[in-house]
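Residue numbers (my numbering), protein chains in the order written: chain B, 1 to 514; chain U, 1001 to 1514.
Heads up, the thing below is written out as structure tokens.
2 protein chains.
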Amino acid sequence: MSNFRHALNTRRDADFSAWYQEVISAADMAEESGVRGCMVIKPWGYGIWERFQRLMDDRIKAAGVQNCYFPIFIPLANFEREASHVDGFAKEMAVVTHHRLISDGKGGLIPDPEAKLEEPLVVRPTSETIIGDAMARWVQSWRDLPLLTNQWANVVRWEMRTRMFLRTSEFLWQEGHTAHENRDQAMEETLRALEMYRASAEEDLALPVITGEKPENERFPGAVGTWSIEAMMQDGKALQAGTSHYLGTNFAKAAGIKYQDRDGAEQFAHTTSWGVSTRLIGGIIMTHGDDDGLRVPPKVAPYQVVILPMLRDQPEDEALLAYCEEMRAGLAAQVALGEPVRVLLDKRPGKAAGKRWDWVRKGAPLIVEVGPRDMEGGKVALLRRDRLWNMDNGKPNFDFTPRDAFVEKAAALLEEIQRGLFDEARKRRDENIVRGVTSMEQVSEFYSSGAKYPGWIEVQWAKPTGAALDAVVEQLKTHKLTIRNVPMDAQPADGNCIFTGEPAVERILIARAY
Amino acid sequence: MSNFRHALNTRRDADFSAWYQEVISAADMAEESGVRGCMVIKPWGYGIWERFQRLMDDRIKAAGVQNCYFPIFIPLANFEREASHVDGFAKEMAVVTHHRLISDGKGGLIPDPEAKLEEPLVVRPTSETIIGDAMARWVQSWRDLPLLTNQWANVVRWEMRTRMFLRTSEFLWQEGHTAHENRDQAMEETLRALEMYRASAEEDLALPVITGEKPENERFPGAVGTWSIEAMMQDGKALQAGTSHYLGTNFAKAAGIKYQDRDGAEQFAHTTSWGVSTRLIGGIIMTHGDDDGLRVPPKVAPYQVVILPMLRDQPEDEALLAYCEEMRAGLAAQVALGEPVRVLLDKRPGKAAGKRWDWVRKGAPLIVEVGPRDMEGGKVALLRRDRLWNMDNGKPNFDFTPRDAFVEKAAALLEEIQRGLFDEARKRRDENIVRGVTSMEQVSEFYSSGAKYPGWIEVQWAKPTGAALDAVVEQLKTHKLTIRNVPMDAQPADGNCIFTGEPAVERILIARAY
């Protein structure tokens, strides 16, 4: 690989964390804002989020869930009602205490002591408690159930160590909140949302994920059960890419979500919540990025095809632009992956080669350069972002192809790239999960072997709880490991717990994680 | 009108304010949240916002503006830099002072004194100052201009008196922020955004508006000039429905947005900002609502056609549902107002007549009831929300029409309703603007005449500034009047200023306003 003049300074295999930051900056996706822990999401990063949002919103609506909008501020009393919930969140919330600023007499501003709130308000870290209040108003009878709501919103968790997209004090997400008559229906919804997340991650973002239940110690604060989708990054670490929670009647009791059941008796509703966030963009980068920048899966690429005419500031440019515009219109009339092809004719001044590398770093799936000679031959120079280099000569892997034939096959190429990115990531993921490990010593050995980017290990356990689970968690922590989840499609247990030696009841994945 | 059994308890002409609240509740659009000044936007209200958002976003993108996302928190220092800006906003901002809660030892929670922020953060009331910081990083050369950004976001202004959609402490909006080389280009963008808002209000929301510049005293804090679109509500009051600001170099100087111009000299950029918000939904209600609830313009109706089968919980229901489903599929394949028809087959239990009034109150443009006899005749019972009553007999104005003919003409009907709502509102608006008023006495008389819902008055003025303008503003205030704007399409001045008697320079609209 060292023969190629890669478009980034940092190699993935040299310093994954520095590489990650460089991709974000080189692809112009986001930057630090200067406000503690908050980032600015720039057009290319936000465009990917918008594409994802549109696709996910369609999935959410198709399930009969309706979008609403709830207040950003949550009174303290809401947190006081659900003790385990506040324990989980109280350490990282932004608290509004005043509603006015005044001059400090020295040219600066201070909160006006006269405008202190009687009850401080919390900037939502998640909305179970405030949506619970609304559900308590909306639900009276079993006829009002299921109640299926979702909101797209910003939330704030005061993180001490932040990393763009992966962990920021403010982030964007959707949070689904539903109420049901009983456990079974709520569990069905919890798993429906989980399956929706799996499908979206795999089909839209080309992120292979493993669905499963989180262990007790990793549950959402206040939940009865938490399920997740876990994706493997190229450094072998796990990224929790979405969660779905069965909340039992915990939040219903705290908020008073009661209904008359079919027999006229009063019952508490069973609720669920589920969410995915801008963190997924970090997952896209760390799964599909390479030493030349990002590779955006076509389904969420703001532009799937970028056309770069070699303009010379000469009268001949006009014919070249017309040639490119015909191609643009032809491409925009094609349908790829269920939608019209998104194509940009990049007419900005500047050399085509310079612009090419901009789009390589941004990861546009197809880049098409057109010079006067290409036009004469009725051709274009096509570059697939997923096959950037000619492995024989170390040069960009241009395919000089007839323009009209390219227009015809563009949709098929985009579908192939989408599938290819997924297959590549799945293969790497599968190759990096070690099975058959039967002792904690083997685990220790694996993670102490000096491998720079070790993957995941599947082991069997007896599902200890309470203090016994705490001991396991502590033991894993010495290797910076965590239990990711209990994969739903794992084989049944057939051995002993690697922690306690008791007969195992299930298999778990352990890994380092973001 | 009193013969009809209207679907609301309150008549518009009896108590407009109570009527407004009743529409919101009867159409199930929003409700108070229990959190001071914040509302919950429910699915029907949020669905209208989503429709609007999609259409506006298309307009924004078509102008080459790119969506980004900026932090919700703004450091105090940003406000300190732009004095007139903070004067305008400092009185109504939510201030975050702590980042953690702890137990108060009595079962409650308090902000942790150990977790006090060194510099308090403001929850954005608008984002000029924080986006200015980003622009200062992004702009170096004239080649980086124009810089055209937009964000869809929530903002918070601590309002003392709130009213749902019209004035809430938290609201949703889009805010466009652009930077340019010079005044002319920035002014062009300011007026482009204004024209975009006019087109969206009139074409998408069927709200006729008057575009014009606000007087000096109504400028956005820190702006050189502010333009608005003003809509007339059914109670004759004005609603400022969108604003566009030319900010000169004020914010560029505060944030340091400098660039090298074409001659190599350093210049400050000229910036603009422009926004519309969920307030527009209040405008839709107060323009198109009637004594039976809301009437949603088809372009932004979450459902444009609602089909209500008369289900009897009998085996015959199946054939009826199949008959309705055929119609639903037929309608969904039609294109109205540029998009596939949005149609709901409402299979909820309950009598069709009860459900009919739900949808009347919500304002679905076309309601189609289907009973077994209609089906036998191949017909449906069609109700147009804009022609709800048979004026002869005071009954709902059903049109018993062949099903397939209805499917064919549904798109044309929706287009007719969209146009009809606009024409009706424009006619009322035009009839309620009084022109030719030449003295303040006539103004006083007009607004003291006892008319319950007086409209607007167009007068001529000499465009006083400073203290002279203050005196005019005070004089108008005694009648609760404000200057709305200087209509761009008004006739040139040809008389004297009604305030000072000097030769007039332009015409202004004065009105009571939300």
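All C-beta atoms, glycine included, are put in the ideal place defined by N, C-alpha and C.
Fill in: For B/F446, the first and last residue of its enclosing alpha helix (DSSP H)
Numbered from 1 along the first sequence, position 446 holds the residue referred to as residue 446 of chain B. M440 to S448 is the extent of the alpha helix (DSSP H) around B/F446.
Worksheet item: B/N432 to B/W456, Cα distance in whole Å?
Response: Residue 432 of chain B sits at position 432 when you count from the first residue of the first sequence. Residue 456 of chain B sits at position 456 when you count from the first residue of the first sequence. Spanning the two alpha carbons is a distance of roughly 6 Å.
Fill in: Neighbouring residues, chain U, relative to B/W158 (Cβ below 9 Å)
Here residue 158 of chain B corresponds to residue number 158 of the first sequence, with the count starting at 1. Within 9 Å Cβ-Cβ: H1099, R1100 and A1115.
Worksheet entry | Alpha-carbon spacing of U/S1141 relative to U/Q1260, whole angstroms | By one-based count along the second sequence, residue 1141 of chain U stands at place 141. By one-based count along the second sequence, residue 1260 of chain U stands at place 260. Distance between the alpha carbons of U/S1141 and U/Q1260 is about 5 Å.
Discussion item. Across the segment 295-312 of chain B and the segment 44-53 of chain B, are there enough close Cβ pairs to call them in contact, namely three or more that are closer than 8 Å?
Written reply: yes
Fill in: Whole runs of the alpha helix (DSSP H) within the segment 392-445 of chain B, excluding any shorter than 4 residues
403-431
Worksheet entry | Segment contact, 8 Å Cβ cut-off, at least three pairs: the segment 402-418 of chain B with the segment 333-347 of chain B | yes
Item to complete: Whole angstroms is fine: what's the gap from U/G1264's alpha carbon to U/R1143's?
Response: If you number the second sequence from 1, residue 1264 of chain U lands on position 264. If you number the second sequence from 1, residue 1143 of chain U lands on position 143. Distance between the alpha carbons of U/G1264 and U/R1143: 12 Å.
Worksheet entry | Check whether B/T272 and B/I257 have beta carbons under 8 Å apart | Your numbering for residue 272 of chain B matches position 272 in the first sequence. Your numbering for residue 257 of chain B matches position 257 in the first sequence. Not closer than 8 Å, so no.
Fill in: Beta carbon proximity, U/Y1020 to chain B, threshold 8 Å
Start at 1 with the first residue of the second sequence, and residue 1020 of chain U comes out as number 20. Not one chain B Cβ lies under 8 Å of U/Y1020.
Discussion item. Using 8 Å as the threshold, is the C-beta distance between B/A231 and B/T287 below it?
Written reply: Walking along the first sequence from the start, residue 231 of chain B turns up at place 231. Walking along the first sequence from the start, residue 287 of chain B turns up at place 287. Result yes, Cβ atoms of B/A231 and B/T287 sit closer than 8 Å.
Worksheet item: Thinking C-beta only, is B/H85 closer than 8 Å to B/G222?
Response: Locating residue 222 of chain B in the first sequence gives position 222, where the first residue counts as 1. Locating residue 85 of chain B in the first sequence gives position 85, where the first residue counts as 1. Yes; because the gap between Cβ atoms is below 8 Å, this pair is in contact.
Fill in: Contact set between B/G34 and chain U, taken where Cβ atoms lie within less than 7 Å
For the purposes of this step, residue 34 of chain B is taken as the residue at position 34 of the first sequence. What B/G34 touches in chain U: D1133.
Worksheet item: Across which residues does DSSP place B/L109 in a beta bridge pair?
Response: On the first sequence, residue 109 of chain B is found 109 positions in, with the first residue counted as 1. DSSP lists B/S103 as partners of B/L109.
Discussion item. Between which residues of its own chain and B/K480 is the CB-CB distance below 7 Å, once the five residues before and five after are set aside?
Written reply: On the first sequence, residue 480 of chain B is found 480 positions in, with the first residue counted as 1. Result list for B/K480: R512, in chain order.
Worksheet item: Applying a beta-carbon distance threshold of less than 9 Å, which residues of chain U neighbour B/Q174?
Response: Against the first sequence, residue 174 of chain B aligns to sequence position 174. Correct list: empty, because the minimum Cβ distance to chain U is about 13 Å.
Practice prompt. Determine the chain U residues that contact B/Y46 at a beta-carbon separation under 9 Å, and present them in chain order.
Written response: Walking along the first sequence from the start, residue 46 of chain B turns up at place 46. What B/Y46 touches in chain U: Q1066, N1067, C1068, Y1069 and Q1151.
Worksheet item: Where does the unbroken beta strand (DSSP E) through U/A1381 begin, and where does it stop?
Response: Start at 1 with the first residue of the second sequence, and residue 1381 of chain U comes out as number 381. Segment K1379 to R1384, the beta strand (DSSP E) holding U/A1381.
Practice prompt. Give a yes or no on whether the C-beta atoms belonging to U/T1438 and U/A1462 are separated by under 8 Å.
Written response: Counting from one through the second sequence, the residue named residue 1438 of chain U turns up at place 438. Counting from one through the second sequence, the residue named residue 1462 of chain U turns up at place 462. Taking 8 Å as the Cβ cut-off, U/T1438 and U/A1462 do not qualify as a contacting pair.
Worksheet item: Cβ atoms of U/R1361 and U/D1290: under 8 Å apart, would you say?
Response: Numbered from 1 along the second sequence, position 290 holds the residue referred to as residue 1290 of chain U. Numbered from 1 along the second sequence, position 361 holds the residue referred to as residue 1361 of chain U. No, the Cβ-Cβ distance between U/D1290 and U/R1361 is not below 8 Å.
Item to complete: Report back the beta-carbon spacing between U/V1517 and U/F1446 to the nearest angstrom; my notes put them in contact at under 8 Å.
Response: Any answer about residue 1517 of chain U is impossible in this case: the structure gives chain U only from 1001 up to 1514.
Worksheet entry | U/P1492 at chain A interface by Cβ criterion, 8 Å | No chain A appears in this structure, whose protein chains are B and U.
Item to complete: Could you tell me if B/Q151 is buried or exposed, where buried requires 16 or more neighbouring beta carbons within 10 angstroms of its beta carbon?
Response: Sequence index remark: in the first sequence, residue 151 of chain B carries index 151 (1-based). Per the 10 Å Cβ criterion, buried.
Worksheet item: If you run the structure through DSSP and keep just helix, strand and coil, what is B/C497?
Response: To locate residue 497 of chain B, count along the first sequence from 1; it is residue 497. Coil, per DSSP.
Fill in: Beta-carbon contacts of U/G1212 that lie in its chain and below 6 Å, excluding the five residues immediately before and after
Taking the first residue of the second sequence as position 1, residue 1212 of chain U is located at position 212. Around U/G1212: N1485, V1486, P1487 and M1488.
Discussion item. Is it buried or exposed, B/F52, if we count other Cβ atoms within 10 angstroms and call 16 or more buried?
Written reply: Here the question's residue 52 of chain B lines up with position 52 in the first sequence. So B/F52 counts as buried.
Worksheet item: What distance in whole Å lies between the Cβ atoms of B/Y246 and B/T178, which are believed to be in contact at a cut-off of 8 Å?
Response: Indexing the first sequence from 1 puts residue 178 of chain B at position 178. Indexing the first sequence from 1 puts residue 246 of chain B at position 246. Their Cβ separation, rounded to whole angstroms, is 10 Å, which puts B/T178 and B/Y246 out of contact at 8 Å.
Discussion item. Buried or exposed, going by whether 16 or more other CB atoms sit within 10 Å of the CB of B/G132?
Written reply: Counted from its first residue, the first sequence places residue 132 of chain B at position 132. B/G132 should be labelled buried.
Worksheet entry | Own chain partners of U/S1002 with C-beta closer than 7 Å, once the 5 adjacent residues on each side are dropped | Reading the second sequence from its first residue, position 2 is the one you call residue 1002 of chain U. Per-residue confidence for U/S1002 stands at a pLDDT of 49, beneath the threshold of 50, marking its modelled position as unreliable; no derived number is given.
Worksheet item: Taking 8 Å as the CB-CB cut-off, is B/S2 touching chain U?
Response: As a working note, residue 2 of chain B is residue 2 in the first sequence. Its pLDDT being 49, under 50, B/S2 is placed unreliably by the model, and nothing is read from it.
Worksheet item: Listed in chain order, which residues of the segment 1261-1280 of chain U have Cβ atoms closer than 9 Å to some Cβ of chain B?
Response: T1278
Discussion item. I want to verify the contact list: residues of chain U whose CB lies under 7 Å from the CB of B/I41, in sequence order.
Written reply: The residue given as residue 41 of chain B occupies position 41 in the first sequence. Those within 7 Å of B/I41 in chain U are C1068 and Y1069.
Discussion item. Does U/N1485 come out as helix, strand or coil in the three-state DSSP assignment?
Written reply: The residue given as residue 1485 of chain U occupies position 485 in the second sequence. DSSP places U/N1485 in strand when its eight states are reduced to three.
Worksheet item: Could one say the Cβ of B/I75 lies closer than 8 Å to chain U's Cβ atoms, at least one of them?
Response: In the first sequence, residue 75 of chain B corresponds to position 75, counting from 1. Ile is not the amino acid found at residue 75 of chain B; the sequence shown has Pro there. Output row for B/P75: interface = yes.
Item to complete: Please say whether U/V1040 and U/E1031 have beta carbons closer to each other than 8 Å?
Response: One-based indexing of the second sequence puts residue 1031 of chain U at position 31. One-based indexing of the second sequence puts residue 1040 of chain U at position 40. Taking 8 Å as the Cβ cut-off, U/E1031 and U/V1040 qualify as a contacting pair.
Fill in: Pairwise C-alpha distance: U/N1397 and U/G1354
Counting from 1 along the second sequence, the entry for residue 1354 of chain U is found at position 354. Counting from 1 along the second sequence, the entry for residue 1397 of chain U is found at position 397. Taking the straight line from one Cα to the other gives about 16 Å.
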